[in-house]
Every structure is written in C-alpha cells, then in structure tokens.
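Enquirer: Sharing a structure with you now.
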Amino acid sequence: MGRAFVYVILGGGVAAGYAALEFVNRGLSNAQLCIISQEPVAPYERPALSKGFLLPEAPARLPSFHTCVGANQERLTPKWYKQHGNSFITYSYFLLILSSFSNIYFISFHSGIELILGTAVKSADVKRKTLLTATGETISYKILIVATGARALKLEEFGVTGSDAENVCYLRDIADANRLVDAIQSSPGGNAVVIGGGYIGMECAASLVINKINVTMVFPETHCMARLLTPKIATYYEEYYKSKGVDFIKGTVLQSLDFDSNGKVTAVNLRDGRKISVDMVVVGIGIRPNTGLFEGQLTLEKGGIKVNGKLQSSNSSVYAIGDVAAFPVKVFGEIRRLEHVDAARKSARHAVAAIMDGDKTGEFDYLPFFYSRVFTLSWQFYGDNVGEVVYFGDMPSGETFGAYWVSKGHLVGAFLEGGTKEEYEAIAKTTRLRPEIEDLGELERHGLGFAVTVSQKPAPALPLVDVRASDLLLEKPLFAWHATAGVILAASIAAFAYVYGRRRHRW
C-alpha cells in the first residue's frame, strides 16, 4: 500500500519550506505536494538555533521561526500547509492507481500540502520513482526534490567515544538545540569546551558567553573560520571574543573524554597533553551531506548530488537543493556545494521555478554569500576567497573594515564588517560584476568607496560562462498527460462505482 503525489520534497529543513512557498506562489493545486521529514516539526529557519533559540531571556521558540520569516516572508506554520493549494483537482484525486500488478497506491482526496513528519525514508528507487519509509509505506512521485541537507559529524568519526553523554552537544536540529539549552540551564556559570572553530563553534561560543558560561574553544587550525577568513581578519574576531572571556587553544584536537559514574563528561583531554575540566562539551566539527539514499543511482560530486543549472540531477525527475546539491556557480565556471542558508533558500526557489515554468526559467546564477551576526558584530562575504587580499578600513577599531580578493586581474571576492545595508549591497554587486583590477595599491586607497562607486555604474552584460556543469543528458519531465489520463480515469471509476452501487442496491 502507498500514496502518490505529483511532487515530493524529501527533507524538512530550510530549503523544503522555501520550496513549498514557491510552489504555492506558482499555483500549486491541492494534494499535489508532499513533504517527508525525519524531524517532528514543520520546516523552520535553522540559523535561529545558534542565536535566538539560545538566548537566556525571551528565547525564540516555534512557531516564531518557521520558514520563511528569515527572508521576511510568510511564516509557514503546520496550519499554513493544510490550507494552501488551489481548490481544483489535477493529479491527486480519489482513485486507485495500479502502478504494477503487485502494488496498489491510494491517492486520497485531501486539501493543502501533505506533511509527513517524524518519518525517515529508508530506501529510494529513482527508476521506479518511489520512496519507502521506515514505517513501511511506499510514496510514489512524478518529481522528487531532494532536500535532505547534511548531518553533523560525530566525535566517533574521529576516534573519540562519548557522543551519547547528556552533556555532549551538537547543533543541527531542534532536538540538538533543546539538549544544549538543558545543558546550559543545568550548569549556570559553568565551564564549556567548544570543539571546532568554524561557523557553529563561533556562534555557539557567543551564545554560551551571553548565558554566562565560561568558554574555551579548541580547534586544529591556526585561526578561527579558516575556510573563509584570512589570519588577519580572524585575529580581529579572536581578540573580540577574548575580550568577552573566551579562551582559544589552537593547533590541537580532542583526544578523549573523562566521565563520572553517571556517564557525564567531566574533562576533555587534548592531543597536546592538556586536560580541561568541563560541565559541557559543544561539538561543531563539520557536516556531511545526506546522499546515502541515492548513491549508485544519481551522479555525485563535491560530496553532494550533482545538478545542472536547473538544479536537476542525472535523473530528469529528481532535483536537489540546499546543502546536498553540488551545482554550477556560473560566475566562477565550476561546480560547488555551498553550506549556507542563503544558498538553500535561493536554490529551492529556483528549482521550483524550473519545475513549474521551465521554459521561462534560466540557469541558477548564484553568487556565493556567507554572513554571521554575533554579539554586536555583523559581517558579510560575497564571492571567492582566492588570490591576493587587499584590506581596507580601520580593523583595530572595529567600526567598518573589510577586504577584497583579486585573482587573475579581477575582483572575485569581498568581505565587510559593520557595513550599512547599502554598503553590503555595493560589495555584493561589485563582486558579481568582477571588475578588472590593474593596481592593488589604488584599490586599497579607495577601499570601500571602490565598491560603492562601481555598484552605482550601469551594469554591463555579463559574458555567459559555458559551465557544462552536469555533463548530463536530461530530458524535460512530462507529467501533464498523467493528469489528463487521471481525470478521465477518475471520472470512469466514479461512474462505475455509481452504477455498481445502484445494481447492488437492487440486488
């Protein structure tokens, strides 16, 4: 037994919520869309977990940060999903579909968008267009959008046991966030070690400080946010964190944990021989895309599902969005997989546009974008951090400062701390334009003013980059005939049921 839908979104994170809203905005009909999520709640804005959710006073709680409030759009509560979708019937109607001689799929007559929450999918068959849930139900689809995101890497994957201890915390979903809140509340004024110096580590450390927890950060790199920030920029943020009481131990890693008789962690042992007493451990050591269901079925690259400019995978009926998608970045002419909420939101919208209005939808033209807001700090980064770095502004004062990256004679990246809305927009536009840079000294002298000036000029037509991103032969998915045939079949079955019922009544 099972159910069938025109569209199925697998995954219930940020990308799923934004895809659902885009479907509705483009005229989704009732009962066409199903979202399957392992989490027990409707899609929400994941960045809130490391910020507002951890506040000691007036913390953010659902339903306040359901998608799509992060982009100043509607808040999609469970009630919203039930209510949305046009009232006429297209593909989903009350009938039986014989998809094979052995399987019968019931398509029920319901309104809105179907949310299947708290349910894992244990297998996928992209050729048969089916998903098998952990409860044994088969879900069939015409178009599948994979929004499975990524999972947090665990200590065990680095040879350290103890992830199940109640005071060892990760931060990837609501359950993780609640666990961290419990750890904070059970240890007022306690000591925390944050393992990892990336996004999660830095943002969690700031939230712990706000909760009056003593924080020590441990990571193997020479500076924080090493994948994105230069040593010079990172030093500014490390010094700021130190002014808030955060200690840094760099160039080493966690080797083992000590436990008490109740199984709680009491100390961390580092590879360099140091031991630190703790009340809690927060782990942010990276993520791994959830591609397991599709290995051997779809083309994978950069750790994710490889897609073309329409976010379409090597199977024309399967799209991928968010953290799990490896897509062509046109401005750089290469495939990338980007782990950030902005890419999740925008790839979701574009995939739905490509599905519902493919002839009018071009290729996804995304400019890599990252940002963070902690304490009173706020920075944004656009583009790529390759090539020579040109700094500008007064970094020691922390008012407004930034950097440009110049590669092969063109500006390819820009970073800005403490900018205004207009200034952030200026560096974004300038980075997309990739202006030619002849004199690095002159660029440094102009500083932020360079981006402001360039952004105010009329934008020239950008040359098309022949990415040939997917190297895949894709056919346009067709399912309109299914709807037509289905309506005819539905009418036929209804007529048969009516006649049969009358005859039975006579008998």
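With my numbering applied, the sequence shown closes on residue 498, and no number is skipped along the way.
All C-beta atoms, glycine included, are put in the ideal place defined by N, C-alpha and C.
Remember, it's a predicted structure, so these values are computed and weren't measured experimentally.
Assign P179 to buried or exposed, taking buried as 16 or more other Cβ atoms, counted over all protein chains shown, within 10 Å of its Cβ.
Expert: Reading the sequence shown from its first residue, position 188 is the one you call residue 179. It counts as exposed.
Enquirer: DSSP puts A111 in a beta bridge; with which residues?
Expert: Here residue 111 refers to the residue found at position 120 of the sequence shown. BP columns for A111 are empty, so no partner.
Enquirer: Classify D251: buried if its beta carbon has 16 or more other beta carbons within 10 angstroms, exposed otherwise.
Expert: Stepping through the sequence shown from its first residue, residue 251 is reached at position 260. Exposed, because fewer than 16 other Cβ atoms sit within 10 Å of the Cβ of D251.
Enquirer: With 16 other CB atoms within 10 Å as the buried threshold, where does R336 fall?
Expert: Here residue 336 refers to the residue found at position 345 of the sequence shown. That one is buried.
Enquirer: What number of angstroms, rounded off, separates the C-alpha of W396 from the C-alpha of I191?
Expert: In the sequence shown, residue 396 corresponds to position 405, counting from 1. In the sequence shown, residue 191 corresponds to position 200, counting from 1. Rounded to whole angstroms, W396 to I191 spans 25 Å at the Cα level.
Enquirer: Less than 8 Å between the beta carbons of A156 and K255, yes or no?
Expert: Locating residue 156 in the sequence shown gives position 165, where the first residue counts as 1. Locating residue 255 in the sequence shown gives position 264, where the first residue counts as 1. The answer is yes: Cβ separation under 8 Å.
Enquirer: Anyone know if the C-beta pair for S41 and L146 falls short of 8 Å?
Expert: Mapped onto the sequence shown, residue 41 falls at position 50. Mapped onto the sequence shown, residue 146 falls at position 155. Not closer than 8 Å, so no.
Enquirer: What would DSSP say about A11, mapped onto helix, strand or coil?
Expert: Within the sequence shown, the letter at position 20 stands for residue 11. If DSSP states are grouped into helix, strand and coil, A11 belongs with the helices.
Enquirer: From the DSSP output, read off the bridge partner residues of P280.
Expert: As a position in the sequence shown, residue 280 is number 289, starting the count at 1. For P280, which the question treats as bridged, DSSP gives the partners A141.
Enquirer: What is the DSSP secondary structure of E466, reduced to helix, strand or coil?
Expert: Looking up residue 466 in the sequence shown gives position 475. In this prediction, E466 scores a pLDDT of 37, lower than 50, which makes its location untrustworthy; no coordinate-derived value is stated.
Enquirer: Hey, could you find the ends of the beta strand (DSSP E) K73 is sitting in?
Expert: Residue numbering aside, residue 73 sits at position 82 when the sequence shown is read from its first letter. K73 -> not in any beta strand (DSSP E); alpha helix (DSSP H) instead, spanning P69 to Q74.
Enquirer: Can you grab the Cα-Cα spacing for the pair A316 / T290, in whole Å?
Expert: Sequence index remark: in the sequence shown, residue 316 carries index 325 (1-based). Sequence index remark: in the sequence shown, residue 290 carries index 299 (1-based). In a straight line, the C-alpha of A316 is about 11 Å away from that of T290.
Enquirer: Between the C-alpha atoms of F372 and F406, what's the straight-line distance to the nearest angstrom?
Expert: Along the sequence shown, one-based indexing puts residue 372 at 381. Along the sequence shown, one-based indexing puts residue 406 at 415. Distance between the alpha carbons of F372 and F406 is about 4 Å.
Enquirer: Going by the DSSP bridge assignment, what does E379 pair with across the sheet?
Expert: Here residue 379 refers to the residue found at position 388 when the sequence shown is read from its first residue. Answer is V397.
Enquirer: How far does the alpha helix (DSSP H) with R163 in it reach, from first residue to last?
Expert: Numbered from 1 along the sequence shown, position 172 holds the residue referred to as residue 163. It is not in any alpha helix (DSSP H) - R163 carries neither H nor E in the DSSP assignment.
Enquirer: Quick one: grab the DSSP three-state call for G432.
Expert: One-based indexing of the sequence shown puts residue 432 at position 441. Residue state, collapsed to three classes: helix.
Enquirer: Who are the Cβ neighbours of A7 in its own chain at under 6 Å, not counting the five residues just before and after it?
Expert: Residue 7 sits at position 16 when you count from the first residue of the sequence shown. Excluding positions up to five away in sequence, the list reads I0, I26, P34 and A138.
Enquirer: Provide the residue span of the alpha helix (DSSP H) that contains I440, from first to last.
Expert: Within the sequence shown, the letter at position 449 stands for residue 440. Note that residue 440 is Gly in the sequence shown, not Ile. It spans L439 to S446 - the alpha helix (DSSP H) in which G440 sits, taken as one unbroken run.
Enquirer: Our contact map puts G2 next to I130 with C-beta atoms below 8 Å; I'd like the distance itself, whole angstroms only.
Expert: On the sequence shown, position 11 is the one that residue 2 refers to. On the sequence shown, position 139 is the one that residue 130 refers to. Their Cβ separation, rounded to whole angstroms, is 13 Å, which puts G2 and I130 out of contact at 8 Å.
Enquirer: Could you tell me the boundaries of the alpha helix (DSSP H) in which P222 lies?
Expert: Taking the sequence shown and counting its residues from 1, the one referred to as residue 222 is at position 231. That run of the alpha helix (DSSP H) goes P222 to S234.
Enquirer: Which same chain residues end up closer than 7 Å to P54 when comparing Cβ atoms and leaving out the 5 residues on each side of it in sequence?
Expert: Counted from its first residue, the sequence shown places residue 54 at position 63. So the list reads R66 and T68, once near-sequence residues are dropped.
Enquirer: Which of helix, strand or coil does DSSP assign to S268?
Expert: In the sequence shown, counting from the first residue as 1, residue 268 sits at position 277. Three-state DSSP puts S268 in a strand.
Enquirer: Going by alpha carbons, who is nearest to P502 out of H214, E230, I165 and G236?
Expert: Because the chain is modelled from -8 through 498, residue 502 falls outside the range shown and cannot be assessed.
Enquirer: Report the three-state DSSP secondary structure of Q246 (helix, strand or coil).
Expert: The count along the sequence shown starts at 1 and reaches residue 246 at position 255. The answer is strand: DSSP assigns Q246 an E or B state.
Enquirer: Taking DSSP as the reference, what is the three-state secondary structure of A22?
Expert: To locate residue 22, count along the sequence shown from 1; it is residue 31. The answer is coil: DSSP assigns A22 none of H, G, I, E or B.
Enquirer: When burial is assigned at 16 or more other CB atoms within 10 Å of the CB, is A533 buried or exposed?
Expert: This structure cannot speak to residue 533, because the chain is shown only from -8 to 498.
Enquirer: Please go through the same chain and pick out, in chain order, the residues whose beta-carbon is closer than 8 Å to the beta-carbon of E429, but skip the five residues on each side of it.
Expert: Here residue 429 refers to the residue found at position 438 of the sequence shown. Excluding positions up to five away in sequence, the list reads G400.
Enquirer: What are the start and end residues of the beta strand (DSSP E) that includes M208?
Expert: Start at 1 with the first residue of the sequence shown, and residue 208 comes out as number 217. Here the beta strand (DSSP E) through M208 covers N205 to F210.
Enquirer: Among the candidates A217, A394, S234 and G181, whose CA atom is the shortest distance from the CA of G440?
Expert: Along the sequence shown, one-based indexing puts residue 440 at 449. Closest by alpha carbon: A394.
Enquirer: Determine the direct distance from the alpha carbon of F(-4) to that of F115, and round the result to whole angstroms.
Expert: Numbered from its first residue, the sequence shown carries residue 115 at position 124. Numbered from its first residue, the sequence shown carries residue -4 at position 5. Looking at the sequence itself, residue 115 is Ala, so the reference to Phe does not match. A115 and F(-4): Cα-Cα distance of roughly 15 Å.
Enquirer: Take S234 as the anchor and find which of A311, A196, K321 and V380 has the nearest alpha-carbon.
Expert: Translated into the one-based positions of the sequence shown, residue 234 becomes position 243. Measuring from the Cα of S234, the nearest candidate turns out to be A196.
Enquirer: Apart from the five residues on each side of it in sequence, which residues of its chain come closer than 8 Å, Cβ to Cβ, to R52?
Expert: Sequence index remark: in the sequence shown, residue 52 carries index 61 (1-based). Answer for R52: F44, listed in chain order.
Enquirer: Just checking, does the stretch 209 to 223 make contact with the stretch 234 to 250 on the three C-beta pairs under 8 Å criterion?
Expert: In short, these stretches touch, since the Cβ pair count reaches three.
Enquirer: Rounded to a whole number of angstroms, what is the C-alpha to C-alpha distance between V445 and N182?
Expert: On the sequence shown, residue 445 is found 454 positions in, with the first residue counted as 1. On the sequence shown, residue 182 is found 191 positions in, with the first residue counted as 1. The straight-line gap from Cα to Cα measures roughly 48 Å.
Enquirer: Applying the 10 Å Cβ sphere with the 16-neighbour rule, what's the burial state of A49?
Expert: For the purposes of this step, residue 49 is taken as the residue at position 58 of the sequence shown. A49 is exposed by the Cβ-count criterion.
Enquirer: In its own chain, which residues sit with a C-beta less than 6 Å from the C-beta of A111, not counting the 5 before and 5 after it?
Expert: One-based indexing of the sequence shown puts residue 111 at position 120. Q29 and A125, listed in sequence order.
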